[in-house]
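Inspection log for the structure reproduced underneath, given as structure tokens.
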Amino acid sequence: MKSTDSIQNSRDDSSLQVLSNGSLRHLLTLKGLDRPMLIELLDEAQSFVRPTGSAPARRRTLAGRTVANLFFEPSTRTRASFDLAAKRLGADVLNLDVNTSSRKKGESILDTIYTLQAMQVDIMVVRDAGAGVPAYIARHVNDHVSILNAGEADVSHPTQGLLDLLTIRQHKGDFDNLTVAIVGDIRHSRVARSAAEGLQTLGVGELRLISPPALAPDPADMPGAVIIDNLDGGLRHADVVMALRIQRERIGNLDGIPGIDEYFAKYGISKQRMKLAAPDAILMHPGPMNRGIEIESTLADSPTSVITEQVANGVAVRMAVLERVAKSLLAR
Ligand code: CP
Numbered sequence: 016m017k018s019t020d021s022i023q024n025s026r027d028d029s030s031l032q033v034l035s036n037g038s039l040r041h042l043l044t045l046k047g048l049d050r051p052m053l054i055e056l057l058d059e060a061q062s063f064v065r066p067t068g069s070a071p072a073r074r075r076t077l078a079g080r081t082v083a084n085l086f087f088e089p090s091t092r093t094r095a096s097f098d099l100a101a102k103r104l105g106a107d108v109l110n111l112d113v114n115t116s117s118r119k120k121g122e123s124i125l126d127t128i129y130t131l132q133a134m135q136v137d138i139m140v141v142r143d144a145g146a147g148v149p150a151y152i153a154r155h156v157n158d159h160v161s162i163l164n165a166g167e168a169d170v171s172h173p174t175q176g177l178l179d180l181l182t183i184r185q186h187k188g189d190f191d192n193l194t195v196a197i198v199g200d201i202r203h204s205r206v207a208r209s210a211a212e213g214l215q216t217l218g219v220g221e222l223r224l225i226s227p228p229a230l231a232p233d234p235a236d237m238p239g240a241v242i243i244d245n246l247d248g249g250l251r252h253a254d255v256v257m258a259l260r261i262q263r264e265r266i267g268n269l270d271g272i273p274g275i276d277e278y279f280a281k282y283g284i285s286k287q288r289m290k291l292a293a294p295d296a297i298l299m300h301p302g303p304m305n306r307g308i309e310i311e312s313t314l315a316d317s318p319t320s321v322i323t324e325q326v327a328n329g330v331a332v333r334m335a336v337l338e339r340v341a342k343s344l345l346a347r
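The sequence shown begins at 16 in the numbering used here and counts up one residue at a time.
Structure, rendered in structure tokens:
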């Protein structure tokens, strides 16, 4: 077992994920996935969407496969939706309880992975606070194992990016003429990074990143986006508004970051502020939400909000991704 390699945060793991035959072996990042691949994934996800209240889509395409959910950071939406998606495709699903796993006794992450690999787990869904962890695991697993990134530090959250793209496409159609405004803690947000990567690949008209200066991204990190610190100006005529929470767990020094009341006054998305956006604008939030801080509570529950649609689309997107990598397993 190789367990001594260091975890590297290359921020370019795209070369690992698509095989020479064009199939998707791992999903680590949206960076480097081309437009046809993104469109195919969105089309496949759309085929799994069912109206609210009707029976969910089911297939048996993962029958005989085993999916393990390894969440080394908290999650509600991503973990539950991968669990449901895998079960609705007929897989055996293992939800490892990391609080009682042997990593708590000092076992290395690779030894945990090798243990599950020996139990014939085919697909591992990994969330970790460490940058580079999903790619590190992907470099070490056997050929028959696929790794899906379920949220990696501030770097990447590719299935969240896909569900955001799907939700926008359902409401707005093409991306070319759209203005998308992402508002909040962009600097520490893996959601913003994956959304930006996917939107740029699909040719979004304009991408605005709005935040207090202390939470703004490095411009080199998100090329092509317009970085703005004035919320009212940034919201003007936007077709899509995505609110983000402050990622306090990833911020060592809170200097320069407004307190709760000041933050809501300057950067909170309210019904009043949404009037600056296009008349048919939609409001998104990846969750978990902090009502009354980055988003007005009544707005989150209003017809402008598509937040519950994002959650529903999360299951469909994860079904599409699981099916894709399962097909790649057959092609190897
Ligand atoms: N959007 C998102 O990743 O939510 P969870 O942390 O609940 O999975």
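A virtual CB, placed ideally from N, CA and C, is assigned to each residue, including glycine.
Just so it is clear, the structure is predicted and the values come from calculations on it, not from any experiment.
- Item | Whole-angstrom distance between Val160 and Ala101, CA atom to CA atom | 15 Å
- Message: Only counting the same chain, and skipping five residues up and downstream in sequence, which positions put a Cβ closer than 7 Å to that of Ser18?
- Response: Confidence is the limiting factor: at Ser18 the pLDDT is only 40, short of 50, which leaves the residue's position unreliable, though a coordinate-based value still follows. Around Ser18: Ser123, Leu125, Asp126.
- Quickly, what does DSSP pair Ser96 with across the bridge? List them, please. According to DSSP, Ser96 bridges with nothing at all.
- Query: If you compare alpha carbons, which of Lys120, Gly274, Ala153, Phe190 is closest to Glu221?
  - Reply: Phe190
- Item | C-beta atoms of Ile308 and Tyr278 nearer than 9 Å | yes
- Task: Pull up the distance between the alpha-carbon of Ala253 and that of Asp316, whole angstroms please.
- Result: Those two C-alpha atoms are separated by around 20 Å.
- Item | CA nearest to the CA of Ala235, picked from Arg202, Ser226, Leu31 | Arg202
- Task: Pick out whichever of Ala296, Arg339, Val340 has its Cα sitting closest to the Cα of Val321.
- Result: Closest in C-alpha terms to Val321, from the list Ala296, Arg339, Val340, comes Ala296.
- Item | N-terminal and C-terminal residue of the alpha helix (DSSP H) that Met299 is part of | Not the alpha helix (DSSP H): Met299 falls in the beta strand (DSSP E), residues 297–299.
- Is it right to say Gln135 is buried, meaning 16 or more other beta carbons lie within 10 angstroms of its own, or is it exposed? It counts as exposed.
- Query: In this structure, does DSSP put Asn114 in helix, strand or coil?
  - Reply: Correct three-state label for Asn114: helix.
- Cut-off 7 Å between Cβ atoms - residues of its own chain near Val332, not counting five sequence neighbours on either side: Ala60, Thr174, Leu177, Leu178, Leu181
- Query: Residues near the ligand CP, CB to any non-hydrogen atom under 5 Å, in chain order?
  - Reply: Ser90, Thr91, Arg92, Thr93, Pro301, Gly302
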